[in-house]
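Have a look at the structure below, then the notes.
2 protein chains.
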Amino acid sequence: MTTRQRLDVDLGDRSYPIFIGPDLLSDESLFSPYIRGSQVMIVSNETVAPLYLEQMQQLLPAKQLASVVLPDGESFKNLDTLNQIFDGLLEQRHNRTTTLIALGGGVVGDMTGFAAASYQRGVDFIQVPTTLLSQVDSSVGGKTGVNHRLGKNMIGAFHQPQAVVIDTNTLNTLPDNELSAGLAEVIKYGLILEPQFLTWLENNMGALLGRDPQMLAEAIKRSCETKAKVVAEDEKEAGKRALLNLGHTFGHAIETHAGYGEWLHGEAVAAGTVLAAQLSERLGWISSADVDRTRRVLEAANLPLAPPAGMSVEDFIDLMAVDKKVIDGQLRLILLKSLGDAVVTSDFSEAMLRDTLSDAIS
Amino acid sequence: MTTRQRLDVDLGDRSYPIFIGPDLLSDESLFSPYIRGSQVMIVSNETVAPLYLEQMQQLLPAKQLASVVLPDGESFKNLDTLNQIFDGLLEQRHNRTTTLIALGGGVVGDMTGFAAASYQRGVDFIQVPTTLLSQVDSSVGGKTGVNHRLGKNMIGAFHQPQAVVIDTNTLNTLPDNELSAGLAEVIKYGLILEPQFLTWLENNMGALLGRDPQMLAEAIKRSCETKAKVVAEDEKEAGKRALLNLGHTFGHAIETHAGYGEWLHGEAVAAGTVLAAQLSERLGWISSADVDRTRRVLEAANLPLAPPAGMSVEDFIDLMAVDKKVIDGQLRLILLKSLGDAVVTSDFSEAMLRDTLSDAIS
Numbered sequence: 022m023t024t025r026q027r028l029d030v031d032l033g034d035r036s037y038p039i040f041i042g043p044d045l046l047s048d049e050s051l052f053s054p055y056i057r058g059s060q061v062m063i064v065s066n067e068t069v070a071p072l073y074l075e076q077m078q079q080l081l082p083a084k085q086l087a088s089v090v091l092p093d094g095e096s097f098k099n100l101d102t103l104n105q106i107f108d109g110l111l112e113q114r115h116n117r118t119t120t121l122i123a124l125g126g127g128v129v130g131d132m133t134g135f136a137a138a139s140y141q142r143g144v145d146f147i148q149v150p151t152t153l154l155s156q157v158d159s160s161v162g163g164k165t166g167v168n169h170r171l172g173k174n175m176i177g178a179f180h181q182p183q184a185v186v187i188d189t190n191t192l193n194t195l196p197d198n199e200l201s202a203g204l205a206e207v208i209k210y211g212l213i214l215e216p217q218f219l220t221w222l223e224n225n226m227g228a229l230l231g232r233d234p235q236m237l238a239e240a241i242k243r244s245c246e247t248k249a250k251v252v253a254e255d256e257k258e259a260g261k262r263a264l265l266n267l268g269h270t271f272g273h274a275i276e277t278h279a280g281y282g283e284w285l286h287g288e289a290v291a292a293g294t295v296l297a298a299q300l301s302e303r304l305g306w307i308s309s310a311d312v313d314r315t316r317r318v319l320e321a322a323n324l325p326l327a328p329p330a331g332m333s334v335e336d337f338i339d340l341m342a343v344d345k346k347v348i349d350g351q352l353r354l355i356l357l358k359s360l361g362d363a364v365v366t367s368d369f370s371e372a373m374l375r376d377t378l379s380d381a382i383s
Numbered sequence: 022m023t024t025r026q027r028l029d030v031d032l033g034d035r036s037y038p039i040f041i042g043p044d045l046l047s048d049e050s051l052f053s054p055y056i057r058g059s060q061v062m063i064v065s066n067e068t069v070a071p072l073y074l075e076q077m078q079q080l081l082p083a084k085q086l087a088s089v090v091l092p093d094g095e096s097f098k099n100l101d102t103l104n105q106i107f108d109g110l111l112e113q114r115h116n117r118t119t120t121l122i123a124l125g126g127g128v129v130g131d132m133t134g135f136a137a138a139s140y141q142r143g144v145d146f147i148q149v150p151t152t153l154l155s156q157v158d159s160s161v162g163g164k165t166g167v168n169h170r171l172g173k174n175m176i177g178a179f180h181q182p183q184a185v186v187i188d189t190n191t192l193n194t195l196p197d198n199e200l201s202a203g204l205a206e207v208i209k210y211g212l213i214l215e216p217q218f219l220t221w222l223e224n225n226m227g228a229l230l231g232r233d234p235q236m237l238a239e240a241i242k243r244s245c246e247t248k249a250k251v252v253a254e255d256e257k258e259a260g261k262r263a264l265l266n267l268g269h270t271f272g273h274a275i276e277t278h279a280g281y282g283e284w285l286h287g288e289a290v291a292a293g294t295v296l297a298a299q300l301s302e303r304l305g306w307i308s309s310a311d312v313d314r315t316r317r318v319l320e321a322a323n324l325p326l327a328p329p330a331g332m333s334v335e336d337f338i339d340l341m342a343v344d345k346k347v348i349d350g351q352l353r354l355i356l357l358k359s360l361g362d363a364v365v366t367s368d369f370s371e372a373m374l375r376d377t378l379s380d381a382i383s
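Chains as they are written, first to last, in our numbering: chain A, 22 to 383; chain B, 22 to 383.
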């Protein structure tokens, strides 16, 4: 029996469905209702295209199909690579009724979404995320964009897809470290808002690492539900949505310092989440037992718990100062009031932050 | 006495005011209500910056001010130049509460607007257009973007400014041919929708060419009112907004044939407008007296009335076939039912179009 789930992200006239389950890339009926014109451009990368591009193409025989295969990796998530998508669209004379399909991980999704947001000032797109990270994170919420050499995701748009199709079979080809990196974001949902889901993850981490399809589908669905709930309340990231960035301000500093691609995003988020928990403990908000529990669940997912060797307190302070969550010079962080209850706060001193970083580094 | 006008563009929660009058670049109170943070980035170009950048900077002494000066010209309206704006914003550590100010003509406005639309997924911007063309055209409507080597304005966003400040003094430094080119678009508003404004322009062309500040402010205000009315009805260009393209399909063909920069946009539109009037006469919609009247008002503004020598009927037909207004192989044009009443139509034969072009060229 095929277990297929459907989740609806409620955003008024920009609402869209998320389909989750095995064998979805064999089901044309999931796509055709969301493609309004005759033109489709599939955007993928050199790693994913050999695995799934042909399958995707065979799904849409009636369409005027084109495809662009980008180089793989965060280091190519920039305006130059974005322009390759525009080149393809214009060379194939795609018009305003075209639909872009993002077939790949978060980088492909973010770039394809931004290309869709800005080609002829906005066309449709469908997300087909093929990594656990993109399935639980970047395919929900409408954030699209590219990096700049001075900061991640600094150029982009909010642009909602017409639909998201998550075929859990694609996880069978995902490397182990990328599966773990995705689990960092899954664990995050438990930590910020869903204590029961956190417990579920602690109990089922072995099955998830063993790629049990039913367990993975359940984890993806609950993650997407949590994110969809937050996003529906706060589409443009004025308040609650910031909670989704638990560990990310520290994590972005780690990624930038290491050089894009050296640390997987989820790995950096995991180490950043431990730092957020430690600062929360220093504030007296959570116990050392809570910090240990946070570390254990991340460790069970085979994730790193500390920043890279050689990264100094000053490195962190400098890199965190350009973070998007700085407002008028005031750094705000996502910290934990308890496990399953996060807040956005600037209610900490720079000394506390420095001490936390210093302890973690030594 | 200073005569200052205010016009409100009604777009729901993205509504904004347009201020028009002399000496506005000396009035801080026009800007400060529309700047929500402490950071401001002024974007200008090599031609306009020496004239007005310092004045603009002195207006905002309390702000953390930065500026980027771009090379001047349509040939620099691309992703590479756009990236210079992002470089400046990130080097100066501007955050999501920054405000961009576009100080220059249409190219500066389009690029600054797109930078504002996409920097950190959207920040505020204020338009300070310094050419007549940008004051009556590109500062209203929210269209932003850059060119791609395969097409003009192919990459962009709809992004509304917080305010538009039109200081008519800036027209004192505008070259004569650019003033005339701007008047081509002003006359267009009369021809498509406002017969009384057309008469007003016929009666006051001398004063406008003499740069009478009060008359210029009136012409700008009535042009912006007309465009704001059309845009408010049709923000995303589904229907009525196409009327704003009177003369533009012919004009684009002239610009492309001459090579961009050889003919000013407004000059090409003027010659295109005469062609549109002549085809309308051939259809029996307007009289030869109406065509003469159209020619006379454009001639009074020192605008060209005929295509460049050496451009053939075939040149026009080929170049017009790639226009964005071709839908399913059918060329649509903006033609005149009477002076002050334009329609979008494909209700003409290719023979009629060819005869009109042939007569105009000989």
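Each residue gets a CB set at the ideal place from its N, CA and C atoms; glycine is no exception.
- Query: Which residue comes first and which comes last in the alpha helix (DSSP H) that contains Tyr73(A)?
  - Reply: Ala70 to Gln79
- Would you grab the beta carbon distance between Ile147(B) and Tyr55(B) for me? Rounded to a whole angstrom, and I think it's under 8 Å. 6 Å
- Message: I want to verify the contact list: residues of chain A whose CB lies under 7 Å from the CB of Asn190(B), in sequence order.
- Response: Here the premise fails: no neighbours, minimum Cβ distance about 32 Å.
- Query: What is the residue span of the alpha helix (DSSP H) that Ile56(B) lies within?
  - Reply: Unbroken run through Ile56(B): none, as it is neither H nor E.
- Task: Report all residues from its chain with a CB closer than 7 Å to the CB of Leu195(B); omit the five preceding and five following residues, and keep chain order.
- Result: Thr152 and Leu153
- Query: To which residues does DSSP link Tyr140(A) through a beta bridge?
  - Reply: Ile176(B)
- Query: What are the boundary residues of the beta strand (DSSP E) that Leu357(B) is part of?
  - Reply: Leu354 to Ser359
- Query: Asp131(A): buried (16+ other C-beta within 10 angstroms of its C-beta) or exposed?
  - Reply: buried
- Which chain B residues are close to Asn168(A), counting only those with a beta carbon under 8 Å from its beta carbon? The contacting residues do not exist; Asn168(A) stays about 11 Å from chain B at best.
- Message: Bridge partners for Gly125(A) per DSSP, in chain order?
- Response: Pro150(A)
- Message: For a test of the three-state rule: what should DSSP assign to Ile106(B), helix, strand or coil?
- Response: helix
- What is the DSSP secondary structure of Arg262(A), reduced to helix, strand or coil? helix
- Item | Contact set for Leu267(B): own chain, Cβ-Cβ below 7 Å, skip 5 residues either direction | Lys209, Leu212, Ile213, Thr294, Ala297, Ile355 and Ala363
- Give the straight-line distance between the Cα atoms of Trp221(B) and Glu215(B), rounded to the nearest whole angstrom. 10 Å
- Would you check if the distance between the CB atom of Leu51(B) and the CB atom of Val144(B) is smaller than 7 Å? no
- Quick one: which chain A residues come within Cβ less than 8 Å of Lys164(B)? Arg142
- Query: When we look at the beta-carbon of Glu199(A) and count the other beta-carbons within 10 Å, is it buried (16 or more) or exposed?
  - Reply: buried
- Message: On the CB-based measure, 16 or more other CB atoms within 10 Å of its CB, does Lys164(A) come out buried or exposed?
- Response: buried
- Task: Please compile the residues from chain B whose C-beta is within a distance smaller than 9 Å of the C-beta of Glu112(A).
- Result: Leu171
- Could you give the distance in angstroms between the alpha-carbon of Gly174(A) and the alpha-carbon of Val129(A)? According to the sequence provided, residue 174(A) is Asn. The question's Gly does not apply to it. Approximately 13 Å, taken between the alpha carbons.
- Message: Contact defined as beta carbons within less than 8 Å: I believe Thr119(A) pairs with Val61(A). What is the distance between those atoms, to the nearest angstrom?
- Response: 7 Å
- Query: Are Ala249(B) and Arg142(A) close, meaning C-beta to C-beta below 7 Å?
  - Reply: no
- Query: Would you call Gln156(A) buried or exposed, if buried means 16 or more other Cβ atoms sit within 10 Å of its Cβ?
  - Reply: buried
- Using the beta-carbon of each residue, which ones in chain B are nearer than 9 Å to Phe342(A)? Correcting the residue identity first, residue 342(A) is Ala in this sequence and not Phe. Arg114, listed in chain order.
- Taking the alpha helix (DSSP H) that Ile382(A) falls in, what are its first and last residues? Glu371 to Ile382
- Ser359(B), buried or exposed, once every other Cβ within 10 Å from all chains shown has been counted against 16: exposed
- From Ala123(B), Val207(B) and Phe107(B), residue whose alpha carbon lies closest to that of Ala70(B): Ala123(B)
- Touch test, the stretch 297-309 of chain A against the stretch 218-232 of chain A, Cβ-Cβ under 8 Å, three pairs minimum: no
- Message: Measuring alpha carbon to alpha carbon, tell me which residue in Leu352(B), Asp313(B), Gly227(B) and Asp368(B) is nearest Ile338(B).
- Response: Leu352(B)
- Query: Excluding five sequence neighbours on each side, which residues of the same chain lie with their C-beta closer than 8 Å to the C-beta of Pro92(A)?
  - Reply: Asn66, Glu67 and Thr102
- Item | Min CB distance Ala178(B) to chain A below 7 Å | yes
- Message: So Phe107(B) and Tyr140(B) are supposed to be a Cβ contact under 8 Å. How far apart are they, rounded?
- Response: 6 Å
- Sequence-distant residues of the same chain with beta carbon closer than 7 Å to His169(A), five excluded per side: Met175 and Ile176
- Query: Is the shortest distance between the beta-carbon of Ser139(A) and the beta-carbons of chain B less than 7 Å?
  - Reply: yes
- Message: Strictly under 7 Å for the Cβ-Cβ distance: is Asn104(A) near chain B by that measure?
- Response: yes
- Hey, is Met22(A)'s beta-carbon within less than 7 Å of any beta-carbon in chain B? Note on Met22(A): pLDDT 46, under 50, position unreliable in the model; the coordinate value appears next. Output row for Met22(A): interface = no.
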